[in-house]
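See below for the structure under consideration.
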Amino acid sequence: MKVGFIGTGSMGSLLIYALIQSGALEPRQIAASNRTPSKVRQLSLRYPGLHESQSNRETVIRSNIIFLCVKPLEFKHVIDEILPVVNPNHMIVSITSPVQLRHLESSLPCKVSKVIPSVTHQVGSGASLCIHGERMTPEDRTVLEGLLSHFSKPYQVDEACTRITSDFSSCGPAFISFFLEQWIESAVKLTGIKRADACALAGEMLLGTGKLLTEGGYTPQELQARVAVPGGITAQALALLKISLDGVFDSLIHTTHDKYDEDLVKLNELFQASEINRQQY
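Residue numbers for the sequence shown follow full-length UniProt numbering, beginning at 1 and rising by one.
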């Protein structure tokens, strides 16, 4: 299997690391290209054997599966660039949530999927969200998800739920980290606990909580009931949080969805304009 990466920024380089670190692929099985060649050079030095493609087309030619790891508004340009060398057997995977399967399938002659990764893959954990196109056979899906399963738990989701599922799996680590950061800052300021101790305790707590929710069979509500004794300290603090956070998560979801919808409108315009041009010529 040969896997290509067009774009080696934060998520592209993370996926390359996860594939190699987990043993899913060897560096020689990976080709990568970037508009800034020095970024690919750094990867090839870090992972001897990784192929530095001189162009995005070369990455496609050398690969069976190609991950497109570019910003939403760069997609149309990249697709137009690689289109002449894409064949029906290629599998092209977008990691960008606003780019729709219909955008990809109307512009490319090959199999397409979307995979939304998470920074948690860096430690071999977390969910990778999978949304497959109509040309992906059950065997194709098994191949792609098998690759992802080396460092994550693949979840097939409906494209209509891309944004909200991404809020949890992809944005969630930042949201939870922000909550912990604020808690730790207050703890250091008010109690004198060492920051390093608070960070270590918070990290272990979060790891254990995740296991209770995934392996221990608890729901969030059941876990609260298990810890909070009626009339106790935890119950009183939970009551405070309930009041203080009222409406916060509604606003958070509106914020992420509004940005998603904004990007989607721009992408629709780009791909529709391209389709009109093709019909005219």
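Idealized CB from N, CA, C, for every residue including glycine. Note that the coordinates shown come from a computational prediction; the quantities given were computed from them, not determined experimentally.
Nearest neighbour of Ile65 by Cα position, chosen from Val93, Asn56 and Gln42, turns out to be Val93.
If you draw a 10 Å sphere on the C-beta of Cys161, you find fewer than 16 other C-beta atoms in it, and that means exposed.
The closest CA to that of Gly49, considering only Leu25, Val70 and Asn34, is found on Leu25.
In the structure shown, the three-state DSSP call for Cys110 is coil. Taking the C-beta atoms as reference points, Ile116 is found nearer than 8 Å to Ser128. His90 sits away from Lys71, with the two beta carbons spaced by 8 Å or more. For Gln236, the enclosing alpha helix (DSSP H) has its first and last residue at Ile233 to Ser244.
Of all alpha-carbon atoms in Glu74, Glu81 and Met136, the one lying nearest the alpha-carbon of Pro98 is that of Glu74.
Between Leu267 and His103, the gap from beta carbon to beta carbon is short of 8 Å. Counting only residues of its own chain and dropping the five nearest sequence neighbours on each side, Arg28 has a CB closer than 8 Å to the CB of Gly49, Leu50 and His51. Ser33 sits away from Ser10, with the two beta carbons spaced by 8 Å or more.
The segment 118-179 contains, as complete beta strand (DSSP E) runs of 3+ residues, the segments 127-132 and 153-156 (chain order).
Under the three-state reduction of DSSP, Leu25 is assigned to coil, being neither helix nor strand.
Between the C-alpha atoms of Val265 and Arg226 there is a straight-line separation of about 45 Å.
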